[in-house]
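Structure, as structure tokens:
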Amino acid sequence: MQKKGTTYLAFDIDGTIYDSADIVVDAFRNGIIDAARRLGRDDMRIPDHREIMALVGLPAHEIYIRFFPQLGEDELMLVNDACNSSFVTIISRGGGRLIDGCYEVLEGFWKESYKILTASNGRREYIEAILHTHSILKFFSSPLLYINNDIPDKSDIVSLYRKRVEANDLIIMIGDRESDRMAAKKNDVPFVGCAFGHAGEREIAGERWIVHGFRDIPGVVQEIEREFWIK
């Protein structure tokens, strides 16, 4: 039997911990209008809610490439910065909401000495705005990792977390999108799919562990722990 170590819970943010559905169109619209004005362009169409939600979970840069293939790299970076700033402003004013049950479950994990991590394709400013505004940063373990030029997506984030833990520690990836499932698969860690997220069960269908509410996560985590440390 493997000696029991520490359990690390690597959470996706948007669609798993936080629901941005009510603010995405306004946030993108404000950012795109600002970027178009600064770039002097009149060919930047504002995507609709369906188009935006289909891409939530991808790295931000990839989202903007899909929306604006006509732009160069420097222009895309400006759009990225403008939209990120727009999101941070709206979130800091209370826009969006925590997923139902999130606060109490995270608090419970924290009290039981679980290590809670972020594994998101969102930029640092965006994630920290959510954690600060909704008073849940205190439940997360430092140092948290974020995407940047050297860490292009959440698969790399999970990989770096793995290198920092002991051999008998357990990392569980928890998220609602294909990118979360792939991050777990690439790093050979258990995955808990969240069917309450933006894509429903569509992108996580067939996974062994799927939850339909945030409050279901602790029970699944305990089941995974029992299997992991019995090996």
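In this text, residue positions in the sequence shown follow this note's numbering: the first is 853, and each later residue adds one.
Backbone N, C-alpha and C define an ideal beta-carbon position, used for all residues, glycine too.
What separation, rounded to the nearest whole angstrom, lies between the Cα atoms of residue i and residue j?
i: His-1064; j: Leu-1012; result: 29 angstroms
i: Thr-859; j: Glu-959; result: 15 angstroms
i: Gly-857; j: Val-957; result: 21 angstroms
i: Arg-1067; j: Glu-903; result: 29 angstroms
i: Leu-928; j: Asn-1020; result: 42 angstroms
i: Pro-921; j: Met-896; result: 10 angstroms
i: Asp-878; j: His-984; result: 21 angstroms
i: Val-1072; j: Ile-999; result: 28 angstroms
i: Phe-919; j: Arg-890; result: 18 angstroms
i: Ala-887; j: Ser-1007; result: 29 angstroms
i: Glu-977; j: Glu-925; result: 21 angstroms
i: Ala-1051; j: Thr-941; result: 25 angstroms
i: Glu-1075; j: Val-1044; result: 11 angstroms
For residue i, name the three-state secondary structure that DSSP assigns.
i: Trp-1081; result: coil
i: Tyr-870; result: strand
i: Gly-960; result: helix
i: Leu-1022; result: strand
i: Leu-861; result: strand
i: Gly-1027; result: strand
i: Ile-988; result: coil
i: Phe-920; result: coil
i: Gly-883; result: helix
i: Arg-945; result: coil
Would you say residue i and residue j are within 8 angstroms of each other, going by their C-beta atoms?
i: Ile-884; j: Ile-898; result: yes
i: Asp-1028; j: Gly-1049; result: yes
i: Ala-971; j: Ala-1047; result: no
i: Arg-1014; j: Asn-1039; result: yes
i: Ile-988; j: Asp-871; result: no
i: Ala-862; j: Ile-1062; result: no
i: Gly-1041; j: Val-1017; result: The question names Gly, but residue 1041 is Val in the sequence shown. No, Cβ-Cβ distance for Val-1041 and Val-1017 is not below 8 angstroms.
i: Ile-1003; j: Arg-1033; result: no
i: His-901; j: Asn-932; result: no
For the ligand HEM, is there any heavy atom lying closer than 7 angstroms to the beta carbon of residue i?
i: Ile-968; result: Among the ligands in the structure shown, none appear at all, so the ligand HEM cannot be discussed.
For residue i, tell me which candidate among the options has the shortest Cα-Cα distance.
i: Arg-1054; options: Arg-918, Ser-1031 and Gln-1074; result: Ser-1031
i: Ile-1082; options: Leu-1022, Asp-1068, Tyr-978 and Ile-1056; result: Leu-1022
i: Lys-990; options: Ile-999, Tyr-998, Glu-980 and Asn-936; result: Glu-980
i: Gly-953; options: Glu-1075, Ile-1069, Ala-862 and Lys-1006; result: Ile-1069
i: Arg-949; options: Asp-926, Gly-1052 and Ala-873; result: Ala-873
i: Ser-993; options: Tyr-978, Met-905, Phe-961 and Asn-1001; result: Phe-961
i: Gly-892; options: Leu-997, Arg-976, Leu-923 and Glu-1079; result: Leu-923
i: Arg-975; options: Pro-995, Tyr-955 and Ser-937; result: Ser-937
i: Leu-969; options: Ile-1024, Asn-1001 and Val-931; result: Ile-1024
Chain B beta carbons: is any one of them nearer than 8 angstroms to that of residue i?
i: Arg-1067; result: Looking at the structure shown, chain B is missing, and only one protein chain is on hand.
_Taking 8 angstroms as the cut-off, does the stretch 941-948 touch the stretch 958-969 (at least 3 CB pairs, one atom from each stretch)?_
no
*asked:* Would you call the stretch 898-909 in contact with the stretch 858-868, where contact means no fewer than 3 C-beta pairs closer than 8 angstroms?
replied: yes
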